[in-house]
Amino acid sequence: MKSLVLTAVLALTLPLAACGSDSDGDAGGGSGGETTTLTVYAAASLTATFEEIGKKFEAEHDGVKVEFDFGGSSNLVTQIQEGAPADVFASADTANMDKLVDADLAGGDPQDFATNTLEIATPPDNPTGVASFQDLAKKGLQLVICAPEVPCGAATQTMADNLGVTLKPVSEEQSVTDVLAKVTSGEADAGVVYVTDVTAAGDAVTGVTFPESGDVVNTYPIAPVEGTDAEDLADDFVEFVLGDTGQSILADAGFGQP
Amino acid sequence: MATRQRQVGLPAWIFVPAALGAALVLLPLVGMGSRVEWGSFFELVTSDSALTALSLSLRTSLVATVLCLLLGVPMALVLARTSFRGQGLVRSLVLLPLVLPPVVGGIALLYTFGRRGLLGSELDALGIQIAFSTAAVVLAQTFVSLPFLVVSLEGALRSAGARYEEVAASLGARPTTVFRRVTLPLVLPGLVSGAVLSFARALGEFGATITFAGSLEGTTRTLPLFIYNLRVVDPDAAVAMSLVLVVVAVLVIAFARPGRSTW
Chain A
1 MKSLVLTAVL
11 ALTLPLAACG
21 SDSDGDAGGG
31 SGGETTTLTV
41 YAAASLTATF
51 EEIGKKFEAE
61 HDGVKVEFDF
71 GGSSNLVTQI
81 QEGAPADVFA
91 SADTANMDKL
101 VDADLAGGDP
111 QDFATNTLEI
121 ATPPDNPTGV
131 ASFQDLAKKG
141 LQLVICAPEV
151 PCGAATQTMA
161 DNLGVTLKPV
171 SEEQSVTDVL
181 AKVTSGEADA
191 GVVYVTDVTA
201 AGDAVTGVTF
211 PESGDVVNTY
221 PIAPVEGTDA
231 EDLADDFVEF
241 VLGDTGQSIL
251 ADAGFGQP
Chain B
1 MATRQRQVGL
11 PAWIFVPAAL
21 GAALVLLPLV
31 GMGSRVEWGS
41 FFELVTSDSA
51 LTALSLSLRT
61 SLVATVLCLL
71 LGVPMALVLA
81 RTSFRGQGLV
91 RSLVLLPLVL
101 PPVVGGIALL
111 YTFGRRGLLG
121 SELDALGIQI
131 AFSTAAVVLA
141 QTFVSLPFLV
151 VSLEGALRSA
161 GARYEEVAAS
171 LGARPTTVFR
181 RVTLPLVLPG
191 LVSGAVLSFA
201 RALGEFGATI
211 TFAGSLEGTT
221 RTLPLFIYNL
231 RVVDPDAAVA
241 MSLVLVVVAV
251 LVIAFARPGR
261 STW
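For the protein sequence lines, the chains are A and B, in the order given. Each residue of the first sequence is one higher than the one before, starting from 1 at the first, in UniProt numbering. Each residue of the second sequence is one higher than the one before, starting from 1 at the first, in UniProt numbering.
What follows is the structure, given as structure tokens:
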């Protein structure tokens with residue numbers, strides 16, 4: 001009976017699992033040519049740029065669909081280690097890419113494709129008058145930063161240590177987009193995010209730059225994931241991000257060149 | 001209600017989907033159990049941050065349960081013992097958090113009690129800051145667990161009926177006396193199981209908390225938020241802490257079950 005139940009459970013759930021990881025999906029596709037899906041796991045700070053890059057990539061590759069999963073890099077690498085169906089991984093720092101390499105899950109050497117620095121985001125017009133990184137330690141200021149285990153949090157921590165500032169955040173979030181959400185909703189007086197997040201948020205926030213921001217630079221590496229069904233396509237995508245189109249989209253969003 | 005004898009047998013095929021359903025619930029627990037590092041289990045669940053999160057979770061959930069009792073008992077009484085126009089609608093609305101995704105609840109709370117929310121400026125004027133505070137955690141927990149108490153208790157009140165209350169009233173007892181001496185003792189099992197369920201729901205609250213209250217050790221990082229953070233840096237510890245919550249959940253079920261109320 002036990003084995004019967006087990007068989008039945010597997011019989012029911014395996015097809016579901018299979019359609020979740022439809023890597024070179026020949027399912028669906030009623031209109032002739034088959035579509036191949038490329039699944040890219042990318043750091044939350046890459047959301048806008050990678051979506052644009054994905055569209056350009058699709059335009060140049062017939063029958064290819066790029067799907068993204070954006071999140072904190074450390075979350076994403078954990079999911080890949082647990083067998084998530086990623087074909088490409090783009091991390092917001094080298095530490096998390098190293099985890100992928102250490103787990104023998106990188107299908108090739110990771111390549112650096114962008115850099116990012118920190119900036120302070122405040123609600124529009126900066127009501128509390130934050131003018132420097134040191135101001136973030138002001139008493140009564142509702143500061144939100146990334147948790148130290150995600151790249152933006154690690155960078156924030158390093159910056160604070162460098163400057164000898166003790167930050168007393170009211171919340172430590174799991175991704176840079178969560179920090180931004182707390183600022184745009186007006187709950188936080190200030191948040192430490194990336195330059196690119198401030199650019200992307202437009203009028204929803206006011207950015208405050210500080211002179212020391214260049215001292216802590218996050219480097220973004222990208223690599224195909226070992227064992228992907230779409231190996232060639234994954235390599236193509238990596239090349240595309242490193243190529244002219246990818247680099248100009250990234251530069252427009254405020255990313256630096258590695 | 002208590003006599004539940006069945007003469008007619010079930011069709012044999014019913015047992016297959018029933019067993020599948022049971023397997024769906026139990027297998028993941030087995031899967032998680034298989035990942036527990038028993039050697040370091042005790043060490044992992046008694047780390048400083050783990051104990052901080054556990055104590056914060058227990059404290060906030062207890063306060064939330066008390067709030068649920070203070071607010072939910074009167075609500076259940078009004079719903080079970082009175083009738084007014086639109087009662088059905090009121091009941092449905094009150095039960096909304098039961099079916100609402102918690103993250104939606106969190107956003108709703110944010111735009112009500114947050115700094116720029118509906119009541120934000122009034123609260124600010126009174127010097128009350130709810131966002132990012134432990135109070136926000138309690139508020140989120142109360143929001144999601146209140147319906148559990150109301151549903152349990154309303155069911156208990158309805159199945160208990162109003163006969164004894166009528167008798168007591170006819171003998172000259174005042175409404176408050178009837179409530180204290182007749183109604184409450186009568187529905188006590190339902191009340192207890194409702195309170196235990198509310199506590200359990202509060203203990204497990206995640207979505208509304210992370211949206212509304214944020215995540216900071218010792219202030220707003222309850223056990224579920226702690227586990228969510230931990231699973232990235234220390235999966236072993238996350239699994240160990242998850243197991244602690246499973247044990248708590250099993251205890252809760254054991255407590256809540258004897259109550260004969262159906263909900």
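All residues carry an ideal CB built from backbone N, CA and C; glycine is no exception.
Just the C-alpha distance for L118(B) and A208(B), rounded to the nearest angstrom, thanks. For the purposes of this step, residue 118(B) is identified with residue 118 of the second sequence, where counting begins at 1. For the purposes of this step, residue 208(B) is identified with residue 208 of the second sequence, where counting begins at 1. L118(B) and A208(B): Cα-Cα distance of roughly 17 Å.
Report the neighbours of Q142(A) on chain B: residues whose CB is nearer than 7 Å to its CB, in chain order. For the purposes of this step, residue 142(A) is taken as residue 142 along the first sequence, with counting starting at 1. Ordered by position in chain B, the residues that pass the 7 Å Cβ test against Q142(A) are F132.
Exposed or buried, which one is T39(A) when buried takes at least 16 other CB atoms within 10 Å? On the first sequence, residue 39(A) is found 39 positions in, with the first residue counted as 1. Buried.
Go ahead and pull the three-state DSSP assignment for K55(A). Looking up residue 55(A) in the first sequence gives position 55. In the structure shown, K55(A) sits in a helix (DSSP, three-state: H, G or I).
Compute the distance between the beta-carbons of V241(A) and K182(A), then report whether it is under 8 Å. Walking along the first sequence from the start, residue 241(A) turns up at place 241. Walking along the first sequence from the start, residue 182(A) turns up at place 182. Their beta carbons are not under 8 Å apart, which means V241(A) does not touch K182(A) by this criterion.
S132(A): first and last residue of the uninterrupted beta strand (DSSP E) it sits in: The residue you call residue 132(A) lines up with position 132 of the first sequence. Segment: none, S132(A) is in no beta strand (DSSP E) and carries neither H nor E.
Can you find a CB in chain B that lies within less than 8 Å of the CB of G108(A)? One-based indexing of the first sequence puts residue 108(A) at position 108. No, G108(A) does not count as interfacial toward chain B.
With a threshold of 16 other CB atoms inside 10 Å of the CB of R180(B), please say whether the residue is buried or exposed. Residue 180(B) sits at position 180 when you count from the first residue of the second sequence. It counts as exposed.
Applying the criterion that 16 or more other CB atoms from any shown protein chain within 10 Å of the CB defines a buried residue, is G30(A) buried or exposed? For the purposes of this step, residue 30(A) is taken as residue 30 along the first sequence, with counting starting at 1. The predicted model places G30(A) with a pLDDT of 41, which falls under 50 and marks its position as unreliable, so this point remains unresolved.
Give the secondary structure of I14(B) by DSSP, where H, G and I count as helix, E and B as strand, and everything else as coil. Position 14 of the second sequence, counted from the first residue, corresponds to residue 14(B). Of the three classes helix, strand and coil, the one that applies to I14(B) here is helix, per DSSP.
Which residues in the same chain as S198(B) place their Cβ atom closer than 6 Å to its Cβ, once the five residues preceding and following it in sequence are excluded? Here residue 198(B) refers to the residue found at position 198 of the second sequence. The residues are T65, C68, S145, F148 and L149.
Helix, strand or coil, according to DSSP, for A197(B) in the structure here? By one-based count along the second sequence, residue 197(B) stands at place 197. As written in the sequence, residue 197(B) is Leu, which differs from the Ala given in the question. DSSP places L197(B) in helix when its eight states are reduced to three.
Kindly confirm or deny that the segment 201-208 of chain A and the segment 104-120 of chain A touch, where touching means at least three C-beta pairs closer than 8 Å. yes
Note the first and the last residue of the continuous alpha helix (DSSP H) segment covering K138(A). Within the first sequence, residue 138(A) is the residue found at index 138, counting from 1. Premise fails: K138(A) is in no alpha helix (DSSP H) and is neither H nor E.
Quick check: what's the CA-CA separation for V25(B) versus T47(A)? The residue given as residue 25(B) occupies position 25 in the second sequence. The residue given as residue 47(A) occupies position 47 in the first sequence. Distance between the alpha carbons of V25(B) and T47(A): 35 Å.
At a CB-CB cut-off below 8 Å, which residues of chain A make contact with S215(B)? Locating residue 215(B) in the second sequence gives position 215, where the first residue counts as 1. Ordered by position in chain A, the residues that pass the 8 Å Cβ test against S215(B) are A147, S171, E172, E173 and Q174.
According to DSSP, simplified to helix, strand and coil, what is N126(A)? Taking the first sequence and counting its residues from 1, one reaches residue 126(A) at position 126. In this structure, N126(A) counts as coil in the three-state DSSP scheme.
Only counting the same chain, and skipping five residues up and downstream in sequence, which positions put a Cβ closer than 8 Å to that of K168(A)? Along the first sequence, read from residue 1 onward, the residue named residue 168(A) stands at position 168. Only A137 and L143 meet the Cβ criterion.
How many angstroms separate the CA atom of T125(A) from the CA atom of L139(B)? What you label residue 125(A) is simply residue 125 of the first sequence in a count that begins at 1. What you label residue 139(B) is simply residue 139 of the second sequence in a count that begins at 1. The residue asked about is misnamed: residue 125(A) is Asp in this sequence, not Thr. The alpha-carbon atoms of D125(A) and L139(B) are separated by roughly 30 Å.
Helix, strand or coil at Q247(A) according to DSSP, with G and I counted as helix: Position 247 of the first sequence, counted from the start, is the residue given in the question as residue 247(A). Of the three classes helix, strand and coil, the one that applies to Q247(A) here is helix, per DSSP.
DSSP beta-bridge partners for E212(A)? In the first sequence, residue 212(A) corresponds to position 212, counting from 1. Looking at the DSSP assignment, E212(A) forms no beta bridge with any residue, so it has no partner.
Take the Cβ of I249(A) as the centre, count every other Cβ of all protein chains shown within 10 Å, and call the residue buried at 16 or more, exposed below. On the first sequence, position 249 is the one that residue 249(A) refers to. Looking at its Cβ environment, which holds 16 or more other Cβ atoms inside 10 Å, I249(A) is buried.
Once you ignore the five residues that flank A86(A) on each side, which residues in its own chain have a CB closer than 8 Å to its CB? The sequence position of residue 86(A) within the first sequence is 86, counting from 1. Closer than 8 Å at the Cβ level, and outside the excluded window around A86(A), lie T39, V40, Y41, D69, L76, Q79, I80, V225 and T228.
Check for me: the alpha helix (DSSP H) holding F68(A) runs from which residue to which? One-based indexing of the first sequence puts residue 68(A) at position 68. Premise fails: F68(A) lies in the beta strand (DSSP E), V64 to G71, not in any alpha helix (DSSP H).
Does the CB of T209(B) have a neighbour CB from chain A at under 8 Å? Translated into the one-based positions of the second sequence, residue 209(B) becomes position 209. By this cut-off, T209(B) is not an interface position.
What are the partner residues of L38(A), as DSSP defines its beta bridges? Against the first sequence, residue 38(A) aligns to sequence position 38. Answer by DSSP bridge pairing, in chain order: V66(A).
Since G114(B) meets chain A, which of its residues come closer than 8 Å, beta carbon to beta carbon? Counting from 1 along the second sequence, the entry for residue 114(B) is found at position 114. The contacting residues are S185, G186 and E187.
In its own chain, which residues sit with a C-beta less than 6 Å from the C-beta of A136(B), not counting the 5 before and 5 after it? As a first step, residue 136(B) is located in the second sequence; it is residue number 136 there, counting from the start. Result list for A136(B): I130, F212 and A213, in chain order.
Given a limit of 7 Å on CB to CB distance, which residues of the segment 89-107 of chain B reach chain A? none
Can you tell me the Cβ-Cβ gap for A204(A) and L141(A), rounded? I've got them flagged as a contact below 8 Å. Working through the first sequence from its first residue, we reach residue 204(A) at position 204. Working through the first sequence from its first residue, we reach residue 141(A) at position 141. Not really, about 19 Å apart at Cβ, beyond 8 Å.
Taking 7 Å as the cut-off, is the beta-carbon of A156(B) closer than that to any non-hydrogen atom of the ligand FAD? No copy of the ligand FAD appears in this structure; indeed no ligand is present at all.
Buried or exposed by the 16-neighbour rule on C-beta atoms within 10 Å, applied to K99(A): For the purposes of this step, residue 99(A) is identified with residue 99 of the first sequence, where counting begins at 1. Buried, since its Cβ has 16 or more Cβ neighbours within 10 Å.
Along the segment 227-261 of chain B, what residues have a CB closer than 8 Å to any CB found in chain A? Y228, N229, R231, V232, V233 and P235
Going by beta carbon distance, what residues of the same chain come within less than 7 Å of S57(B), once the five residues before and after it are set aside? The count along the second sequence starts at 1 and reaches residue 57(B) at position 57. Cβ neighbours of S57(B) beyond the five flanking positions: L203, T222 and L223.
I want to see whether chain A comes within less than 8 Å of T220(B), judged by CB atoms only; does it? Numbered from its first residue, the second sequence carries residue 220(B) at position 220. Yes - at least one Cβ of chain A is within 8 Å of the one on T220(B).
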